[in-house]
Amino acid sequence: MFAPLTVTYIDHMGSDKTVAAIARVSTTTELDDLDELTPRDERLIRYLARGCSKDEVPEPLTLGTARSIPTHWTPFAHCLLTVRIHCSIFVARQLMRSNVGIVYNEMSRRYVDAEPTFAPLEFRRRSDRLKQGSSPDLVVDELMAEAVEKYLRTSIGLYNALLKRGVAPECARAILPLATNTAIVATGSMMAWYRVVTQRRSEHAQKEIRQLASRIDGICGRLWPVSWDALMNPTQENSHE
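Encoded structure:
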């Protein structure tokens, strides 16, 4: 009945070398060979990523809660990542609010009537801070936990009963809770995923979306180790050649 959040790599385009080569297009008539990354390439990538602080950028141009705004961000947008995400509907809705540079296709229960699964639920206490959704403290109540599990099982049973009575999936889905898992395929540029990770891994984000952002962070770090580290740690100094 319960299935954990997963983020699965599907495909990608571009490498650290791609970022460096495309950055040099403005100063040359030909694109560099996309072969081995050189120390000079690494210095260029860090130069591009270092950018400037949010305080140095006009408010309309800032990227949400991102820690820095790379001045030369476009080379990072030429690298793409496609992933398949299994998560609860409420986490999916939070993720899909990040729609600059990312496209989504989601499983539709208008057509899919497979047995629903649910995200493992964790009940945290309400935070005393107005803008913070929950505190780290758990509400431990066995009777409440049993009631929630009974409710979820009942919703599955009712959903299946409606289908057996001939109700269309697009109508029967209305009784499923927000904890129901969905599936998304998302394709975005490295720069777009950077925004997702920096915004959704913030301490102000809900724990469940932070877990998703951490998984994306891991994938991007493996695919583009130099570029991703440069974006996530932009204060490292390297002289540009």
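In this text, residue positions in the sequence shown follow the numbering used here: the first is 3, and each later residue adds one. Just so it is clear, CB atoms sit at the ideal spot from N, CA and C, and this is done for glycine as well. Source: prediction; values computed, not measured.
Between lysine 19 and leucine 39 a beta carbon distance of about 5 angstroms is seen, short of the 8 angstroms cut, so the two are scored as contacting. Annotated three-state conformation of leucine 140 is strand, per DSSP. Leucine 83 places its beta carbon less than 8 angstroms from that of methionine 192. Exclusion of the five residues before and after glutamate 172 leaves Arg112 as the residues of its chain whose Cβ lies within less than 6 angstroms of its Cβ. Annotation: the stretch 99–125 contains the following complete segments of the beta strand (DSSP E) (minimum length 3 residues), in chain order: 104–108.
Closest in alpha carbon position to histidine 206, among Arg95, Ala174 and Ser137, is Ser137. Counting the other CB atoms within 10 Å of its CB gives valine 142 a total below 16, which places it among the exposed residues.
Closest option to arginine 224, judged by alpha-carbon separation, among Gly16, Thr8 and Ser129: Gly16. DSSP places alanine 176 within a helical segment (H, G or I) once states are collapsed to three. Between isoleucine 218 and valine 187, the beta carbon gap of about 14 angstroms keeps them out of contact (Cβ cut-off 8 angstroms). Two segments are said to touch when three or more pairs of C-beta atoms, one from each, lie closer than 8 angstroms; by this definition the stretch 4–11 touches the stretch 82–100. By DSSP's assignment, alanine 185 forms a beta bridge with His88. With respect to the 8 angstroms criterion, glycine 103 and alanine 194 are classified as neighbours on the basis of their beta carbons.
Short of 8 angstroms from the beta carbon of phenylalanine 78, and not among the five residues preceding or following it, lie these beta carbons of its own chain, in chain order: Val21, Leu50, Ala51, Pro72, Ser191, Met192, Met193, Tyr196, Ser229 and Leu233. Between aspartate 130 and the set Leu165, Asn235, Asp139 and Thr184, the nearest pair of CA atoms involves Asp139. Across the structure, valine 150 and alanine 185 are spaced so that their CA atoms are roughly 23 angstroms apart. In the DSSP assignment, methionine 234 falls within the alpha helix (DSSP H) that extends over 227–234. Take the alpha-carbon of serine 204 and the one of glutamine 213: they are about 11 angstroms apart. Counted as a single uninterrupted DSSP element, the stretch harbouring valine 9 is not any alpha helix (DSSP H) but the beta strand (DSSP E) occupying residues 8–15.
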